[in-house]
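Comments concern the structure below.
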Amino acid sequence: MASISTIFWISTILILTKAGVTFGVNCTNVNKKQCTCFDSEDTEIQCPIRDSKVGIFIGSNDNIKIQCMDNSLLDLERIPNLKISDSKFLQLEYCNFNGNFTEVVNKFDIKNLNKLSFKGVNQHGVIYISKESFNGLDNLELLSLSYSTFLLEEDFLANTPNLAMITLKQNSLTQLANYFDYVPNLKNLELNNNEISHIPERVFSKLHSLSRLFLFDNNITSLSKDSFVGLENLKLLELSSNQISNITEDAFSNLPILVNLSLRGNRIRKIYLKLFVNNSLLENLRLASNPGVIIEDGAFNNLTHLKTIDLSLNNLTEVSEDIFKYCKNLVSINLDQNLLRLLPAGVFRNLRKLSELNLSRNKLTALSANLFDKLQDLKKLDLSFNQLIRIEENLFGKLINLQRLDLQRNEISYIYLRAFEQMSRTITYMDVSYNKWNNSYTFPEFSAFDPLVSIKELILNHNEFIDVPVMLAALNLEFLDLSYNKINSLEIHPYIQKQMYPLTIDLSNNLLENVHFILVEQNWMQNVNNTDETGKSTTIKLADNPIVCDCNMYDLARYNVRDIDLKNIVNLQLDGVFCTNESKRIVDVKPQDIQCKVLEGCPNTCGCNFEPFRKAMVVDCSFKELKAYPEFKFNTSEFAYNQTVLIMRGNNLTKEPYRINDSYDNITKLDLSQNLLSSVSWIPPRLVELNLSANLYRNLDGGFVRKLKNTTTLINLNLKDNPWECTCKSLDVQKYLIQFYYKINSSDIYCERQKRELIKLVDLCHVSPYLSVLLPVILFILLLFSILFALYHRYQTEVKIYLYAKQMCLWFVSEEELDKDKIYDVFVSYAHQDESFVTEYLLPELEKSENPFKVCIHIRDWFPGEFIADQVIRSVRDSKRTLVVLSNHFVESVWGKMEFRTAHSQAISEGRARVIVVVLGDLDESKLDDELKKYLTTNTYVKWGDKYFWRKLKYALPHSKEHFYVSNKKHTQVMLKIDDQFNLIKCNPPSPCNTSTPPIILGPPLLESQPNLKKIDAEDRLLEKYV
């Protein structure tokens, strides 16, 4: 168990250590009163707390970096005592420092420091460095002192014998002393970016292990053999950007294993024959930017291991044929920016491994046919910025592995048709821009680019191309730049094909006048179906071309509105492109704007245009002072038109139009405005629009109006600005205006005499004086009946009550003979305390009035000895109505409530209203049970003492049969509209509204919708309870 725990903790420690967690120091070790501390990936300490001047960063592996803010003085007293004994790397940056590194090391109790770096800011005074500065640092392997001004004691490295790398860059050093005699193990020495003007003899004589020496960006003027004594193991020597002008021929003789040598950016006058005689292992040689340097013949003969050589910017006017004779391992040659006019034919003959050759920015006018014959491994060839005129047949014939070819900015006017054939499967980039080539050959269908199956970028801008080269084999092409040429036409259909990669073609700044979509619509469907497979499209840039917005632009206009929808197979970039013949953007041109001028078949006095959008031939003869209609006939095979528009506006025509020849049958729009016409009888059979405005029409013949009505194609008729007479003869025209208002603007026909619109006149024809008198009377009677009907509809219940009370129009208020088998008209239900009211008031009025009712009351009409419940049921069943005398006594009566429920249940079962409620006296609302209260809130009742009590009651009772016409019986509401003393009465559905005629039959849904009213079967069980 203990072993498992141990393994767990060891694993945890290893993981945290790898994640960069520092166990030597963290914020728990820092005095919070002295410094601010932050624990994150690195531990950051800022001292002092206020106005922090020093930042200490302790990272993984206990590396320490000290940064001073505002170039402040490094005051070790303000830094906490931290024990970081295992630290290997100490960095000091931007601190004003006294040069004693030992004090800093001791401050952190570092035991075995390997790397020490100091970076200043060149703003402080001279920092004195002596060997005491590094006391106790004998294990130091890397020392970097940069960006400061140091005063170095000659033995300042005496206490650091194990240094392997020293960096003393950008320290304004002007001279070197025997500083390095104490560091025999030094391998890397950087003295660049100083002001050293001379390399003292034997200054590096003790550095037998040194392999890399950097002295670039100094002021060194000369080199000799003694400059590099002791550096027999040196492999890299960087001396670029100095002032070296003189190099003795044995200057590098003490560097037998030198591999990399850079002398670029100096003033070297001559490269001697024996300069590199002891440097046979040299692989990379930079001699660029030494203007006027002379290279003696055979200077590179010993460099058999040489791989790259840079001779650019040297103003070389010639090179010898044998300059690279023995450099058989060369892979890169840079002769850029020289003054070479000619290259010897065999200068590259032995360079079979050459991969890159830069000959740009010279003055080459021609190249030998076999110049590149041996360069079969060449991958990049740069011939740009020369004066080449022709690319001959065999120049590139052996470059079977060439990938990039740059021929830009020459004077090339001819390229052999098969010049690129041998590189066709490898070449991916070619630049032939800024030349004078037009890609024209004997057979126009052939091009020098035909074999290029692997090309991805082809730059051809600023040439003299007049056509876009068709490159059907270039399936890998991604960018084709043909801008700034003389291309005047573009066919879209070659690009309606599969593309392996998105293709961009730049045709900006050419002479394009038209973009043709010939064969596009015939061929694009099969390619559109394959777009999901390839998913690639072609983008064509057309900015700054003089595109003419004429008949030839019709397909381009259709493309604008996606009438030709290529589904992004071809994307034409037309933003900012304007029609050259008008200030209109190409993207704003619509298909309907395009017109094509037609000469053949057009009348001499007229102008003819074909509008492809409407497929219409437009014959415009306006304002020609014509007195006759023109004859025309067009070639239908040349123009696919199916309609003709004839414009005769502003002439002197007096004769109405007529059919001159077959062409007139095809007219769909006829404009005869602003002529002298006064009659018309013929219209073309396919006419859609007719303009007769501004003529002398006073009326239209009835026959012509009938033709207009029967013409199904006509949708627009213009009759404006004519002297319309507007008499009874114009009635047909007026009817046409009303019936076909959507074809003609009725305000166009304005009556000259009446000064009104024809459609608004109502007295075109004479009207009978009798009709003038009779019409108002009829209208008054209709108005009166409307008012009476509205009043009846609003007060129909009150009207019926009044008529019944006055025994008037009883047929209007009688009910059907639905209760002809009933014995009694009404059964009176009351409490025995109210018997005097019933016998003294109700019975005499009901039984002895002019129209007596047959009344059932229990004290008179019930049979002695029978069950009361049975007699209640029989009385309700044999009576047409049940009249409930509702008083406080009735509310307290058990038998009264039973009689009410029985009558109400029967009404529900029959779907008819049979209960009449007469309220006697003031009721105590609190005594009403829920069922009776619910009934009173949803039905109306009669109040004893009401002014119209007897009228309302008798109206609610069954009307006497002999006073009704059976055929006119009405189903009306049983209750009356009265005032509700308890605010319980309201006309809410589903109860009948109290303004309607009292119904005799109510639908079961209406009665059953009252949830508190019990069904008849439930009532039967209730009756059994009381019996």
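In case it helps, mature numbering (1 follows the signal peptide of the UniProt record, and there is no 0) puts the sequence shown at residues -19 to -1, 1 to 1008.
The beta carbon of each residue, even a glycine, is placed where N, CA and C say it ideally should be.
Practice prompt. Have a look at Ile276, Asp231, Leu63 and Leu294 and flag the residue whose alpha-carbon is nearest the alpha-carbon of Leu256.
Written response: Asp231
Worksheet item: Should Pro665 go down as buried or exposed, given a rule of 16 or more other Cβ atoms within 10 Å for buried?
Response: buried
Worksheet item: If you compare alpha carbons, which of Gln72, Leu57 and Leu823 is closest to Ile45?
Response: When only C-alpha atoms are compared, the closest one is Gln72.
Worksheet item: Going along the chain, which residues of its own chain have a beta-carbon closer than 8 Å to the beta-carbon of Ile393, five neighbours each way excluded?
Response: Leu369, Ile370, Arg371, Ile372, Val413, Asn416, Lys417 and Trp418
Worksheet item: Candidates Leu338, Pro165 and Phe197: which alpha carbon is nearest Val184's?
Response: Pro165
Item to complete: Helix, strand or coil for His774, going by three-state DSSP, please let me know.
Response: Annotated three-state conformation of His774 is helix, per DSSP.
Item to complete: Return the first residue and the last residue of the alpha helix (DSSP H) that Thr561 is part of.
Response: Careful: Thr561 lies outside any alpha helix (DSSP H) and carries neither H nor E.
Worksheet entry | Which of helix, strand or coil DSSP assigns to Tyr717 | Looking at Tyr717 - three-state DSSP - the assignment turns out to be helix.
Worksheet item: What is the DSSP secondary structure of Ala538, counted as helix, strand or coil?
Response: DSSP places Ala538 in helix when its eight states are reduced to three.
Discussion item. Please tell me whether Asn95 and Ser127 are closer than 9 Å, where the distance is taken between their beta carbons.
Written reply: Against a cut-off of 9 Å, the Cβ pair of Ser127 and Asn95 comes out as no contact.
Practice prompt. Might you give, ordered along the chain, the residues of its own chain that have their beta carbon closer than 6 Å to the beta carbon of Ser856, omitting 5 neighbours on each side?
Written response: Phe808 and Cys837
Discussion item. Any contact between the region 699 to 713 and the region 671 to 682? By contact I mean 3 or more CB pairs, one from each, below 8 Å.
Written reply: yes
Practice prompt. Spatial neighbours of Val258 within its chain, please: CB distance less than 6 Å, with the 5 preceding and 5 following residues excluded, ordered by chain position.
Written response: Asn283
Worksheet item: So, using beta-carbon positions, are Leu461 and Asn495 closer together than 9 Å?
Response: No.
Worksheet entry | DSSP state of His813 mapped onto helix, strand, coil | helix
Worksheet item: Going by DSSP, which residues form a beta bridge with Phe131?
Response: Paired residue(s): Ile108.
Worksheet item: Do you know how far the Cα of Gly246 is from the Cα of Ala269?
Response: If I take the Cα positions, the gap works out to 6 Å.
Worksheet item: Taking C-beta to C-beta, are Gly557 and Arg566 nearer than 9 Å?
Response: yes
Discussion item. Tell me which residues share the same chain as Phe559 and place their Cβ nearer than 6 Å to its Cβ, disregarding the 5 neighbours each side in the sequence.
Written reply: Arg566
Fill in: Proximity below 9 Å, CB of Ser336 to CB of Val300
no
Discussion item. Give me the DSSP bridge partner(s) of Ala597.
Written reply: Partner(s): Glu592 and Gln624.
Worksheet item: Can we say the region 520 to 535 touches the region 580 to 587, given the rule of at least three CB pairs closer than 8 Å?
Response: As far as the Cβ criterion goes, the region 520 to 535 does not touch the region 580 to 587, which means the pair count is below three.
Worksheet item: Based on the DSSP secondary-structure assignment, which residues constitute the bridge partners of Phe70?
Response: Lys96
Discussion item. Restricting to runs no shorter than 3 residues, where is the beta strand (DSSP E) found entirely within the region 471 to 497?
Written reply: Look at the region 471 to 497 and you find these whole runs of beta strand (DSSP E), each 3 residues long or longer: 484 to 487 and 495 to 497.
Discussion item. Relative to the C-alpha of Phe620, which candidate in Glu592, Asp643 and Arg630 has its C-alpha closest?
Written reply: Taking only the C-alpha atoms, the option nearest Phe620 is Glu592.
Worksheet item: Smallest Cα separation from Leu118: which of Leu154, Lys736 and Lys69?
Response: Closest option to Leu118, Cα to Cα, is Lys69.
Worksheet entry | Gly378, DSSP secondary structure in three states | coil
Item to complete: Kindly give me the distance between the Cβ atoms of Asn173 and Ser190, rounded to whole angstroms, as I take these residues to be in contact under 8 Å.
Response: 20 Å between Cβ atoms; not a contact.
Discussion item. Suppose only complete runs of 4+ residues qualify. What are the alpha helix (DSSP H) ranges in the region 664 to 713, listed by chain order?
Written reply: With a minimum length of 4 residues, the continuous alpha helix (DSSP H) runs that stay inside the region 664 to 713 are 683 to 691.
Discussion item. I need the straight-line Cα distance from Ser767 to Val754, nearest angstrom please.
Written reply: 21 Å
Discussion item. Can you look up Cys18 in the DSSP assignment and give me helix, strand or coil?
Written reply: strand
Worksheet item: For Leu123, which residues of its own chain have a beta-carbon under 6 Å away from its beta-carbon, when the five flanking residues on both sides are left out?
Response: Lys96 and Met146
Worksheet item: How close, in whole Å, do the beta carbons of Glu880 and Ser817 come, if the pair is a contact with beta carbons under 8 Å?
Response: With 8 Å as the limit, Glu880 and Ser817 do not qualify as a contact, their Cβ atoms being about 19 Å apart.
Fill in: Inter-residue spacing [alpha-carbon to alpha-carbon] between Ile290 and Leu244
In a straight line, the C-alpha of Ile290 is about 11 Å away from that of Leu244.
Worksheet item: Is Leu316 helix, strand or coil by DSSP?
Response: The answer is coil: DSSP assigns Leu316 none of H, G, I, E or B.
Worksheet item: Pick from Asp67, Ser114, Glu219 and Leu555: whose alpha carbon is nearest that of Lys92?
Response: Asp67
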